[in-house]
Structure formats: C-alpha cells, structure tokens
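Read left to right, the sequence shown gives residues 1 to 634 (full-length UniProt numbering).
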Amino acid sequence: MALGFFMVPPGYTGPVPPGYTLVEYSNTQFNFGGADDDFVIGSDIQAKIIPETGYDTLDYSGFGRGIRIDETEGTVRDANGIIASLVANPVRGFEEYRGTAFDDVLIAATGADQTLRGNGGNDILVGGVNAELLDGGADIDTASYANSAAGVTVDLRLSTAQVSAGDASGDTLTGIENLTGSALADSLHGDAGNNVLIGGAGADALVGDAGIDTADYSASAAGVTVDLAPGTGVGGDAEGDTLSGIENLVGSAFSDHLYGDGGVNALAGGAGDDTLRGGAGADALDGGDGSDFANYQGSGAAVTVDLLAHTASGGDAEGDTLAGIENLYGSSFDDHLSGDDGRNIIGGELGNDTIVGNGGDDSLSGEGGDDSLDGGDGNDRLVGGDGVDTIHGDTGNDSVDAGTGNDQVFGEAGDDNLYGGAGADTLDGGDGNDILEGGAGADALIGAAGIDTASYAGSAAGVAVDLATGTGAGGGSDAEGDTLTEIESVMGSAFADLLTGDAGANTLWGLAGDDVLVGGGGGDLLKGGAGNDRFSYAALSDSAVSGAGKDVIADFTTGDVIDLSAIDADGNGGNGDTAFTFGTGDFTRHAGELRVVTAGAIQVVYVDANGDKAPDFAINVIADHPLTVADFLL
C-alpha cells in the first residue's frame, strides 16, 4: 500500500521515496482525502493543497531550501515568496507538518492536535492552542509560544518535555533546545544542554539548569538591565524577570546594561549604546553596534585593557575578550586603559591610572588618583579629575580640564584649550594657537610656539596681567601668583581688569567690567568688551602710523576713553607735559595736534607731535559713534 503521494513537476526524473506514489502535477489545486494521506513535496510547486478527512501530512523533507509553513496564514513560503497555498477546510486541516533539512518555521493554527517536525536545520516550531507534538529533529531548534494568550510553563529537563499552563497546555516537546515564552509571565526551564531562553514581555522565570545557557532579550522593545549575580532584570522585556543558571546574555536593539556574575559569561549588547560588565571570570564582551562600554568598576584588582591590541588582563579583565567595544570604565585601582583608532570614552575611576586614547577624537577622564593621560591622535577631551595629574594632548586640537591638584598639562601639537582648575598648575601649550586658563592657584602659563592666549574669563575677581614682565596679580583673582611665558594675548575677567601687553603684537580683551588696556609696543588689537574701558598709551612708539605696527581698537563705545595723557604732546620736556589739541581739518604745523579722519567704517586717530604736518602716531578705531574730544584724555 502506498504511504502517500510524491508530487513533482512534469518531466521529473529524480528518485521517489520508497512506498510513495509519484504524482506529476499540471493543475494548480490538489484535493486529497478519505484515507490517511502524505503529501511529499520533492521540488518547487505552485499549488493549492486541500486536506480532508484522515491523518494528512504535508512533508517538505525533500525540498532543497528552508521554508515557512504558516497554517494561520494559509501559505508555504521560501525566500522568494509564496510557493503553495493551504486552502482552509471546514472539517480539518493537516495533522502533521514536516520541514526540510534546512532552517524552517512551522506555525500551527488553532484547530485539532497536530504534530510539527522540524527535521534538519535550526527550526522554529510554533504550536497552536491545543496539545501538539513539537519535534525539533536534528540541530538547534526552538519551541515558540510567542502567540500564546496566557503564560506558559515549560521544563525541558523531562525525558519528553511537557508544557503546562497557558493555551499550550499539554504540548509534548522533543528535540527542542531553545524556548520562547509569551507576552505574559512565563516559567521556562532548560535542560542539561545549552539552551536559549526568550521570556518575552511579562515577569518571567528563566532557569538554565546545566549547560551553557543564554537569556535572549533581542526582541525587547526597550532597553534592559540584567544582572546575573542577583539574577534580576528591569526595563523592557526584562522587567520583573528572575534568572538562575544563566551564563550568557543577549541585549536588545536599544541601550542595555548587562552584568555577569563570578563565572564565565558571554554578554552581547546588540544595537544601542550598551554597558557590559562581565565581573570575575574570562568573559566574552561583544558590544555590537552603537557606542558600547566595557565596565570594570567592580573589579577587586587593577585591570589592563587595550582596545587596539584586543587584550585584557588583571582583575576582572583577566582572560576577557572584547569585540565591538569602544569605551572603557576602569576599577578603583591603578589601571592601564588604552583606546583604539576610533572615538573612545575612557574613565579611570579611582587609582593612579594610565590612560591612552590612541587615534580618534577621544574623551579621557582620570577621575580620582594621580593619573597620566595621553590623548594620542585626534581632537581629544581630557579631564584629570582629583589628584596630581600629568596630561598630554598629543596631536590634534585638544581640550583639557586638569581638575584639582597641582597638575602638569602639555597641549603639544594643535590648537589646544588647556584649563588647570584649582591648584598650582603648569600649562604648556606647545605648537599651535592655544588658549591657557590656569584657574585658581599660582599657575605657570607657557604658550610656546604659535599665537597663544592666557584666559581669565572664569576669574571671580578682576586681574592685573603684564606680558612685559610675565606676571599676574589681583587679590582673590585667578591671576594671583601666575607667571606667563611666550603669551601673545590676554582675555580678562568679568570684572575691572588691568591688561598690559609687551613689545610685540598683542590681543587684549577686557570682557565685562571697566577695564584698562595698555597695548605697549607692536601692533595691538584692543577689545574692551562691556563696561567703560580705557585704552591707555604711554609713548608715541606704542602705535605706528601705518603697517603692522598700528593698533586697532575694535569695539569703542560711549563711555570708553582713549588715554593719551601720559604722552608729552610736543615732546619738549622743558615746557612740561603738554596736552594734545583736538581739531578738524588738516594739520597746521603746530606741535601736539590730534585729528580724526574717517575711512569707511574705521576712524583713524592721527597725532602730529613735532608740527611738521605729518602724523607721528595713529590708531584705527571702530566705534559706535563719531569720535569727539570727549572720547579722549589728552
């Protein structure tokens, strides 16, 4: 007696399973019934298949690629689309579905008891509401209750696992390695093998038993926080979960926090910006996509982690392997943490740490302890934190906040911003046009090569800074006790400052407050900022008539004043310190005349000191009003 029908297209010359009747199809609909029928699909078939009475089996075991049989949808699909339609029968459907030797998905409907056999491949078997036999067959197979309207309890330790509770009550499972629960509260228990447990939504109990078991949250609609040490989960599908006997975790597509225990764990973050903390044991940390952290804050000893060399040792890092990790948190001890050629965020925590960014635009933080930070290539952000830190920006345009303590900061190549913070710091800009702000304490500001600026913008009181003598002063201000070397520009505070240049070309910027700016020799750029500011000159040589040596006052406003009172207008000391005379029109061959000539947006102040009708001194002024005698101290 024939076991069933082996359906093939016309012209088929291949083998026929023993005991089966070969059927060449030329129509598009098959209607079998009466006896127990097996429909064995040996090759591609575009057909409508209608089961009737008897025990009917739809068998794709001879098919050449993986399929998805979905009785609820009434289709059989492969990667190319629908290859068969299962026509609904008011009496009954197929009693058994058999998959291929490849990866299949078999989904039962809500009818009578059925059997799903995955055969070979990594299959997913989805039972209906009645009692089913789910037989995974060979390879790694999953029984899924994701569609269940009630929570399920599944225990794979039984010789033939029985499912109790929920709509799947009474199911029998064999050859099943992995479980997927419902959207409600499930209890999923693995066996002695390696199981993957997917609780889904709801407060689930996930028990791994023996073997290397994994709790998988990859389908969660929100980020999860799971800690294997206490066996708890919060957020997303992990909310309310309890875990025991679980070694590995798979996170969601969002930002997850996955924490291992004292054993060997594999933590996979997936997409999102994840934080992975393996704890003790030789752990595998895989951040996946996103900007991910390996966290060693709980380590009982110092760690050494190098993202460029892909090595980890010491403390909780001993034996760890890291992949897809961009960022590091160190321990409370003396760590050595190194980035790679990408953008890294590295925090040293406590201890005297050595942190190297290597390539990329990195953010490095020493936090507590006496730390050594080196940004490497790229435009880096480096924060020393507490302690006496040594910080090297290396190449790139770096930003440094040394924090508290007597720190040493070296900007090196690039246009750097260096901030010393509290303590007596040494800031060395190195190459490039750097901005140095010492903060509180008696700081040494060294501009080195480039056009460098000493900034006192954060000072709590007015400052007095003299580039000619290289000194800073001002009781209670950030400039008190400072020394300045190779500094070309000074930015004052929000209070009343006295800023004095040297013989070179300086930029002096008072910011807020009633400031006094003394450019000295060279072509200076003077900006008073807010407040009633005074631009003071002591000699005709302080500003040239033309060329690079001529000063520019860039923001003269009502209330400001240009102070020439220290200059003897006619240069004749025998008749005392004479004042300049403000007038209009051309010079009249009288010594000590001052004229203002408008040239576009610039008003040029000219002085004829010797009466030869040729200017001996000039300033370019950008003002918000025409200059009058009231704008000068003559």
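Positions of the beta carbon are idealized from the N, C-alpha and C atoms, including for glycine.
Nothing here was measured: the structure is a model prediction, and the numbers come from that model.
Expressed to the nearest angstrom, what Euclidean distance is found between the alpha-carbon atoms of residue 201 and residue 314?
-> As a first step, residue 201 must be located in the sequence shown, where it is residue number 201. As a first step, residue 314 must be located in the sequence shown, where it is residue number 314. Whole-angstrom Cα-Cα distance: 38 Å.
Does the stretch 425-432 touch the stretch 466-482, meaning 3 or more C-beta pairs lie closer than 8 Å?
-> no
Looking only at C-alpha atoms, which of 320, 281, 324 sits nearest to residue 272?
-> Here residue 272 refers to the residue found at position 272 when the sequence shown is read from its first residue. Minimum Cα distance to residue 272 is reached at 324.
I think residue 425 touches residue 406, with their Cβ atoms under 8 Å apart; what is that distance to the nearest whole Å?
-> Locating residue 425 in the sequence shown gives position 425, where the first residue counts as 1. Locating residue 406 in the sequence shown gives position 406, where the first residue counts as 1. Going by Cβ atoms, the distance from residue 425 to residue 406 rounds to 6 Å, so yes, they are a contact pair.
Do the stretch 511-530 and the stretch 475-487 make contact, defined as three or more Cβ pairs closer than 8 Å?
-> no
Does DSSP classify residue 380 as helix, strand or coil?
-> On the sequence shown, residue 380 is found 380 positions in, with the first residue counted as 1. Three-state result, residue 380: coil.
Buried or exposed: residue 586, going by 16 or more other Cβ atoms within 10 Å of its Cβ?
-> Taking the first residue of the sequence shown as 1, we reach residue 586 at position 586. The residue in question, residue 586, is exposed, as its Cβ has fewer than 16 Cβ neighbours within 10 Å.
Which same chain residues, not among the five before or five after residue 402, have their C-beta less than 7 Å away from its C-beta?
-> In the sequence shown, residue 402 corresponds to position 402, counting from 1. 384, 389, 391, 409, 419, 420, 421, 425.
Where the beta strand (DSSP E) containing residue 437 begins and where it ends = Within the sequence shown, residue 437 is the residue found at index 437, counting from 1. Looking at the DSSP string, the run of the beta strand (DSSP E) that includes residue 437 is 435-437.
Going straight from the alpha carbon of residue 47 to that of residue 289, what length do you get?
-> If you number the sequence shown from 1, residue 47 lands on position 47. If you number the sequence shown from 1, residue 289 lands on position 289. Its pLDDT being 44, under 50, residue 47 is placed unreliably by the model, and the measurement read from it follows with that caveat. Near 42 Å, if we compare the C-alpha coordinates of residue 289 and residue 47.
Should residue 330 be labelled buried (16 or more other beta-carbon atoms within 10 Å of its own) or exposed?
-> Taking the sequence shown and counting its residues from 1, one reaches residue 330 at position 330. With 16 or more other Cβ atoms within 10 Å, it is buried.
Under a Cβ-count criterion, where at least 16 other Cβ atoms within 10 Å of its own Cβ denotes burial, should residue 551 be classed as buried or exposed?
-> Translated into positions along the sequence shown, residue 551 becomes position 551. With 16 or more Cβ atoms within 10 Å of its Cβ, residue 551 is classed as buried.
Measuring from the CB of residue 613, is there a heavy atom of the ligand FMN at a distance below 7 Å?
-> Absence of the ligand FMN is noted for the structure shown, with no ligands found whatsoever.
What separation, rounded to the nearest whole angstrom, lies between the Cα atoms of residue 206 and residue 252?
-> Within the sequence shown, numbered from 1, the residue matching residue 206 stands at position 206. Within the sequence shown, numbered from 1, the residue matching residue 252 stands at position 252. Rounded to the nearest angstrom, the two C-alpha atoms are 17 Å apart.
With a CB to CB cut of under 7 Å and the five nearest residues on each side skipped, what residues in its chain are close to residue 60?
-> As a first step, residue 60 is located in the sequence shown; it is residue number 60 there, counting from the start. Excluding sequence neighbours, residue 60 sits near 41, 67, 98, 99, 100.
Does DSSP classify residue 108 as helix, strand or coil?
-> Taking the sequence shown and counting its residues from 1, the one referred to as residue 108 is at position 108. Coil at residue 108, not helix or strand.
Select from 297, 185, 242, 225 the residue whose C-alpha is nearest the C-alpha of residue 268.
-> If you number the sequence shown from 1, residue 268 lands on position 268. Residue 225 is the option with its Cα nearest to residue 268.
With distances taken from CA atoms, which of 612, 582, 578, 625 is nearest residue 601?
-> Counting from one through the sequence shown, the residue named residue 601 turns up at place 601. The residue with the shortest Cα to Cα distance from residue 601 is 625.
Given a threshold of 16 other Cβ atoms within 10 Å of its Cβ, counted over all protein chains shown, does residue 305 qualify as buried or as exposed?
-> In the sequence shown, counting from the first residue as 1, residue 305 sits at position 305. When all chains shown are included, residue 305 counts as buried.
Please report the Cβ distance between residue 282 and residue 318, rounded to the nearest whole angstrom; I am assuming they are in contact, meaning their Cβ atoms lie under 8 Å.
-> Counting from one through the sequence shown, the residue named residue 282 turns up at place 282. Counting from one through the sequence shown, the residue named residue 318 turns up at place 318. With 8 Å as the limit, residue 282 and residue 318 qualify as a contact, their Cβ atoms being about 7 Å apart.
Do residue 307 and residue 340 have their CB atoms nearer than 8 Å?
-> If you number the sequence shown from 1, residue 307 lands on position 307. If you number the sequence shown from 1, residue 340 lands on position 340. Against a cut-off of 8 Å, the Cβ pair of residue 340 and residue 307 comes out as a contact.
For residue 527: DSSP bridge partner residues = For the purposes of this step, residue 527 is taken as residue 527 along the sequence shown, with counting starting at 1. For residue 527, which the question treats as bridged, DSSP gives the partners 509.
For residue 214 and residue 358, the rounded distance between their alpha carbons = For the purposes of this step, residue 358 is identified with residue 358 of the sequence shown, where counting begins at 1. For the purposes of this step, residue 214 is identified with residue 214 of the sequence shown, where counting begins at 1. Each residue's alpha carbon lies about 35 Å from the other.
Residues near residue 582 by beta carbon distance below 7 Å, same chain, minus five either side = As a first step, residue 582 is located in the sequence shown; it is residue number 582 there, counting from the start. Around residue 582: 594, 629, 632, 634.
Residue 26 in three-state terms, based on DSSP | Locating residue 26 in the sequence shown gives position 26, counting from the first residue. Note on residue 26: pLDDT 45, under 50, position unreliable in the model; no value is reported.
Taking buried to mean at least 16 other C-beta atoms within 10 Å of its own C-beta, is residue 103 buried or exposed?
-> Here residue 103 corresponds to residue number 103 of the sequence shown, with the count starting at 1. Buried.
According to DSSP, which residues form a beta bridge with residue 347?
-> Along the sequence shown, one-based indexing puts residue 347 at 347. Looking at the DSSP assignment, residue 347 forms a beta bridge with 329, 365.
Residue 97, enclosing beta strand (DSSP E) - first and last residue | Counted from its first residue, the sequence shown places residue 97 at position 97. Per DSSP, residue 97 belongs to the beta strand (DSSP E) from 96-98.
In or out: residue 277 buried (at least 16 other Cβ within 10 Å) or exposed?
-> Your numbering for residue 277 matches position 277 in the sequence shown. Counting Cβ neighbours within 10 Å, residue 277 comes out buried, since at least 16 surround it.
Neighbour-count burial assignment, residue 553, 16 or more Cβ in a 10 Å radius = The residue you call residue 553 lines up with position 553 of the sequence shown. Counting Cβ neighbours within 10 Å, residue 553 comes out buried, since at least 16 surround it.
Taking buried to mean at least 16 other C-beta atoms within 10 Å of its own C-beta, is residue 497 buried or exposed?
-> Position 497 of the sequence shown holds residue 497. Residue 497 comes out buried.
To the nearest angstrom, report how far apart residue 374 and residue 399 are at their CA atoms.
-> On the sequence shown, position 374 is the one that residue 374 refers to. On the sequence shown, position 399 is the one that residue 399 refers to. Answer to the nearest angstrom: the Cα atoms are 12 Å apart.
Got a sec: is the Cβ-Cβ distance from residue 558 to anything in chain D below 8 Å?
-> Included in the structure is just one protein chain, with no chain D present.
So residue 596 is in the beta strand (DSSP E); what residue range does that whole segment cover?
-> Counted from its first residue, the sequence shown places residue 596 at position 596. Run containing residue 596: 593-599, per the beta strand (DSSP E) assignment.
How far does the beta strand (DSSP E) with residue 463 in it reach, from first residue to last?
-> As a working mapping, residue 463 is identified with position 463 in the sequence shown. Premise fails: residue 463 is in no beta strand (DSSP E) and is neither H nor E.
Indicate whether residue 186 and residue 151 have their beta-carbon atoms separated by less than 8 Å.
-> As a working note, residue 186 is residue 186 in the sequence shown. As a working note, residue 151 is residue 151 in the sequence shown. In contact: residue 186 and residue 151 (Cβ atoms closer than 8 Å).
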